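What follows is a short report on a single structure.
Written out as structure tokens, the structure is:
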């Protein structure tokens, strides 16, 4: 997961690419990692909708020292897969409706927010809902920042929202 091909540097991209390994390493002093966590001990290769709640405690997700650096990288990878899926669905919907242009990071965040805001009570979000898992995962500050940087560098961001805040998507939920 550390070789995931996104730019995790501050957005918008300054031309210097930051790898996932560099992002996770550079954030360690700010938010410490566990030496090993359950995901590491069980040798879970990657996270999925089924594995998320089985191996990640949502209540402790944003607790310093609870997750290892490797698990944080796996969470970032999983969140970006969710956003890729959402972007693909949006692209096809736009094509079907003859709407020009690809979605940007703000469009994708708004789509996720619209879907999640249908739940009036957050405790009613189904356990295996990947968007609910996404929202839980990005509460971890290093996951949130990594996903935000990668998404804006990947899809761009509308000028109307600005991108100075690295957790721009969290304001929508």
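Residue numbers (my numbering): 68 to 240. Heads up, the beta-carbon is just placed ideally off N, CA and C, and yes, glycines get one too. None of these values were measured; they are calculated from a predicted model.
Taking the Cα positions, residue 137 is about 8 angstroms away from residue 107.
DSSP places residue 172 in the helix class (H, G or I) of the three-state scheme. Selection 169, 139, 199, 217 evaluated against residue 188 yields 199 as nearest (Cα-Cα).
The three-state reading of DSSP puts residue 88 in helix, counting H, G and I together. A direct Cα-Cα distance of roughly 22 angstroms separates residue 83 from residue 97. Of the candidates 147, 130, 88, 183, the residue whose Cα lies closest to the Cα of residue 221 is 147. Take residue 143, set aside five residues on each side of it, and the residues of its chain with a beta-carbon closer than 7 angstroms to its own are 87, 210, 213, 214, in chain order.
Using a C-beta cut-off of 8 angstroms, the region 111–118 makes no contact with the region 152–159, since fewer than three inter-stretch Cβ pairs fall below that distance. DSSP, read as helix, strand or coil, puts residue 224 in coil. If you check the CB distance, residue 197 and residue 75 do not come in under 8 angstroms. Secondary structure at residue 165: coil, using DSSP grouped into helix, strand and coil. Residue 128 is not a Cβ neighbour of residue 176, given a cutoff of 8 angstroms. By the criterion of a C-beta distance shorter than 8 angstroms, residue 113 is surrounded in its chain by 68, 141, 144, 145, once the five residues flanking it on both sides are discounted.
In the DSSP annotation of this structure, residue 95 is not part of any alpha helix (DSSP H), being labelled neither H nor E. For residue 136, the three-state secondary structure derived from DSSP is helix. When the alpha-carbon of residue 123 is set against those of 104, 132, 180, the nearest one is in 104.
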